[in-house]
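Take a look at the structure below.
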Amino acid sequence: MIENMLPHGSNPPRVNPEYCVGFNITFPVDYNLSYQWGDMAHIEWEVDTGMKEPPEIITRIRILDQWQLNLQVVGQNISIHTHGNKGAAKFPILASDYMGPCHYRIMVAYPNQAIHCVYESVPWAYVPRPFELFGPVDTPAPPFARANAILVK
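Its first residue numbered 170, the sequence shown is counted upward by one per residue in this note's numbering.
So, in structure tokens, the structure goes:
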């Protein structure tokens, strides 16, 4: 029964080791963002310059809900430097069957360290479209939703 409640596992918060320094999430930093299924979102980060052993790679970016459950894996093995000492990732929000606060969790690998460092963004809201709230993503929208839909080109 519990396996059905936690299909992607729980990701409890943890305290990073001492060497987890120099990595900062620079977007999102405000608490007023919200996304719906299919919206394009992005996350940005920055690495302090002049570090003796800067982080090497982002091993995983995930979207977690307020209970630390995984809603979506955004990407894995992502280059940490895409613009000098900064980086970014752009992706569609594909989480479903959820409504409420979410946040990003980034796992970063540092050289010669077995334990990855974990960084979390400020929370943002996932607000499903009304017809998504009442059925699986691949269920056709009800007639009233189709009649009032705005086509995106």
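Backbone N, C-alpha and C define an ideal beta-carbon position, used for all residues, glycine too.
For clarity, every value in this text was computed on a predicted model and none was experimentally measured.
*DSSP on Arg323, reduced to helix/strand/coil?*
Past the edges of the chain, shown from 170 to 322, lies residue 323, and the structure says nothing about it.
_Please classify Val242 as buried or exposed, where buried requires at least 16 neighbouring CB atoms within 10 angstroms._
Along the sequence shown, read from residue 1 onward, the residue named residue 242 stands at position 73. Per the 10 Å Cβ criterion, exposed.
*asked:* I'd like the list of long-range same chain contacts for Gln235, defined as Cβ closer than 6 Å, with 5 residues on each side in sequence excluded.
replied: Position 66 of the sequence shown holds residue 235. Contacts found: Gly269, Pro270.
*Have a look at Ala283, His285, Pro280, Asp208 and flag the residue whose alpha-carbon is nearest the alpha-carbon of Lys259.*
As a first step, residue 259 must be located in the sequence shown, where it is residue number 90. Nearest C-alpha to Lys259: Asp208.
*Inspect the beta-carbon positions of His250 and Val216 and report whether they are closer than 9 Å.*
As a working mapping, residue 250 is identified with position 81 in the sequence shown. As a working mapping, residue 216 is identified with position 47 in the sequence shown. Taking 9 Å as the Cβ cut-off, His250 and Val216 qualify as a contacting pair.
*Between the C-alpha atoms of Trp183 and Arg298, what's the straight-line distance to the nearest angstrom?*
If you number the sequence shown from 1, residue 183 lands on position 14. If you number the sequence shown from 1, residue 298 lands on position 129. It is Arg, not Trp, that sits at residue 183 in the sequence shown. For Arg183 and Arg298, the distance between alpha carbons rounds to 33 Å.
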